[in-house]
Amino acid sequence: MNHALKHSIFFLIFLVSYNLADAQELERKLLNWQQKSIYLGPVLAENGVTTVEFLATNPHADSLFITDVITDCGCTLVDYSRDTLVTDGLLSLKVSYESDYRGGDFSKLILVRTNLDIYGDTLVLEGINFPVIDDAGRNFPYKKGGLGFRLPSINVGQLFTNEPKVKFYDVYNFGKDSVSFKDLMEQPWPAYVQFNLEPTKVAPSARALLAVTVNAEKLGDLGFFSENVKILVEESNTSIDLNLMGTVFEFFEPIPKSMEKIVPRLLISEPDIDFKEISSSRTVQRSLVLSNLGQEPLLIRKVSTNCDCVNVILEEKEIFPGGKAEINITFDPKGRQGIDHKHITLFTNDPINPVRTITLRSMIK
């Protein structure tokens with residue numbers, strides 16, 4: 309049975325069970341699980357099967373036993389005791405995950421049903437799958453300091469200022485010697501980033517994980533960033549040069565409905581500008597008005613563009629409640645032709661819409 313079909317059957321069972329329970333409004337007699345979700349982190353296929361344990365107790369006066377366990381994937385196997393569980397008895401359910409051919413994030417569901425509750429509990433097993441390497445040279449075409457990488461740059465994606473982000477990348481040692489990094493204190497990389505190998509020493513013709521930890525708050529900027537960093541290698545006394553990139557966003561706690569008219573709120577008078585048909589030999593300009601609809605000061609943290617051909621002058625970076633500020637935009641289309649789109653991004657302390665975009669459209673002749 310293929311994966312898609314098994315997942316569909318699992319979902320159908322779950323949906324029917326949930327709707328039946330809801331419709332009949334039965335008193336559920338569920339197990340008391342210590343945790344219903346386990347995160348495995350990165351899983352390398354060559355490391356074999358990964359096994360975790362879910363624990364639960366029986367909080368009911370009635371004895372219970374597991375009637376069946378249903379998984380949504382053949383890559384997860386479940387082992388559990390068929391014995392009857394008395395009141396306050398402890399149940400151990402072991403789930404084994406074997407990496408399959410699909411790479412990336414995964415989430416596997418396990419439905420556990422008992423004699424006291426036919427609708428069941430749903431457990432979740434999550435992680436990042438790194439499938440088997442079929443051709444190291446083809447899979448890791450970018451070689452730096454003896455290590456092979458899948459891509460020329462390390463893109464950590466979206467980052468938020470409330471907590472560091474850890475992202476994993478698999479690398480391959482093409483050299484004849486083991487590779488490990490020098491001590492943290494010797495590394496020249498910026499204070500906002502840290503690199504670790506797992507395991508700390510990569511044997512020849514072996515794969516390892518490069519863990520990249522980025523602290524967006526320490527980076528001290530918003531929006532897209534790109535920086536070249538060096539990692540010093542212990543054995544060869546050489547360095548690995550990497551391009552690190554990502555996009556930083558300020559984190560805001562969810563705003564209750566009652567505060568929506570109090571917090572800073574940005575209104576842009578014309579967020580979509582159409583210059584229509586313009587000549588490549590002449591610059592064009594437009595002035596917009598930024599308004600603060602809130603009852604607290606609005607701060608323009610940063611203004612960025614996706615092209616040096618766009619120049620932005622902002623009158624004020626702090627707009628008081630009910631106030632306005634002018635923003636002047638100049639676009640130089642020199643050397644361009646045809647349909648053109650440019651973007652200006654505003655990063656503000658508006659907690660509901662902290663990132664706003666002004667679009668410039670034109671047809672350049």
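For the sequence shown, the numbering used here gives the first residue as 309, with consecutive numbering after it. In this text, a Cβ means the ideal position worked out from N, Cα and C, and glycines have one as well.
Specify, as a first and last residue, the run of the beta strand (DSSP E) that residue i falls within.
{"i": "Arg669", "result": "663-672"}
{"i": "Gly456", "result": "455-457"}
{"i": "Leu417", "result": "412-422"}
{"i": "Ala499", "result": "Looking at the DSSP string, Ala499 is not in any beta strand (DSSP E), and its letter there is neither H nor E."}
{"i": "Gly531", "result": "531-540"}
{"i": "Glu251", "result": "Because the chain spans 309 through 673 in this model, residue 251 falls outside it and cannot be assessed."}
{"i": "Thr375", "result": "374-379"}
{"i": "Lys451", "result": "450-452"}
{"i": "Glu585", "result": "580-586"}
{"i": "Lys632", "result": "632-639"}
{"i": "Asn619", "result": "618-622"}
Rounded C-beta distance between residue i and residue j? I'm assuming under 8 angstroms.
{"i": "Tyr405", "j": "Leu433", "result": "6 angstroms"}
{"i": "Val652", "j": "Ile672", "result": "In the sequence under discussion, the amino acid at residue 652 is Ile, which differs from the Val named in the question. Not really, about 18 angstroms apart at Cβ, beyond 8 angstroms."}
{"i": "Cys383", "j": "Asp408", "result": "5 angstroms"}
{"i": "Thr555", "j": "Gln466", "result": "5 angstroms"}
{"i": "Glu626", "j": "Ile570", "result": "That belief does not hold up - the Cβ atoms of Glu626 and Ile570 are roughly 17 angstroms apart, past 8 angstroms."}
{"i": "Pro662", "j": "Glu558", "result": "6 angstroms"}
{"i": "Thr656", "j": "Leu574", "result": "5 angstroms"}
{"i": "Pro641", "j": "Ser588", "result": "5 angstroms"}
{"i": "Asp396", "j": "Leu338", "result": "Not confirmed; about 15 angstroms, so no contact."}
{"i": "Gly453", "j": "Thr546", "result": "6 angstroms"}
Quick one: what does DSSP say residue i is sitting in, helix, strand or coil?
{"i": "Leu654", "result": "strand"}
{"i": "Ala364", "result": "strand"}
{"i": "Gly602", "result": "coil"}
{"i": "Asn355", "result": "helix"}
{"i": "Glu525", "result": "helix"}
{"i": "Lys484", "result": "coil"}
{"i": "Ser566", "result": "helix"}
{"i": "Glu494", "result": "helix"}
{"i": "Ala511", "result": "coil"}
{"i": "Phe438", "result": "strand"}
{"i": "Arg594", "result": "strand"}
{"i": "Asp330", "result": "Caution is warranted here: a pLDDT of 49 is assigned to Asp330, below 50, making its placement in the model unreliable, and no coordinate value can be reported."}
{"i": "Asn686", "result": "Here the chain comprises residues numbered 309 to 673, so residue 686 is not present and cannot be evaluated."}
{"i": "Arg573", "result": "coil"}
{"i": "Gly646", "result": "strand"}
{"i": "Ile608", "result": "strand"}
{"i": "Asp396", "result": "coil"}
{"i": "Thr469", "result": "coil"}
Assign residue i to one of two classes, buried (16 or more other C-beta atoms within 10 Å of its C-beta) or exposed (fewer than that).
{"i": "Leu459", "result": "exposed"}
{"i": "Ser400", "result": "exposed"}
{"i": "Phe639", "result": "buried"}
{"i": "Ser461", "result": "exposed"}
{"i": "Leu372", "result": "buried"}
{"i": "Asn600", "result": "buried"}
{"i": "Thr591", "result": "exposed"}
{"i": "Gly602", "result": "buried"}
For residue i, verify whether its CB is less than 7 angstroms away from any heavy atom of the ligand NAD.
{"i": "Gly454", "result": "This structure simply doesn't include the ligand NAD, nor any ligand for that matter."}
What residue range is occupied by the uninterrupted alpha helix (DSSP H) comprising residue i?
{"i": "Gln445", "result": "As written in the sequence, residue 445 is Gly, which differs from the Gln given in the question. Counting along the chain, the alpha helix (DSSP H) containing Gly445 begins and ends at 444-447."}
{"i": "Leu339", "result": "Unbroken run through Leu339: none, as it is neither H nor E."}
Worksheet item: Taking contact to mean at least 3 C-beta pairs separated by less than 8 angstroms, is the region 426-442 in contact with the region 344-356?
Response: yes
Worksheet item: Should the region 408-425 be regarded as contacting the region 361-376, the criterion being three or more beta carbon pairs within less than 8 angstroms?
Response: yes
Worksheet item: Do three or more CB pairs link the region 566-582 to the region 488-501 at distances below 8 angstroms?
Response: Per the Cβ contact rule, the region 566-582 is not in contact with the region 488-501 (fewer than 3 Cβ pairs under 8 angstroms).
Practice prompt. Would you check if the region 479-487 and the region 389-401 touch, i.e. whether three or more CB-CB distances between them fall below 8 angstroms?
Written response: no
Worksheet item: Would you say the region 495-511 touches the region 525-544, given that touching needs at least three Cβ pairs under 8 angstroms?
Response: yes
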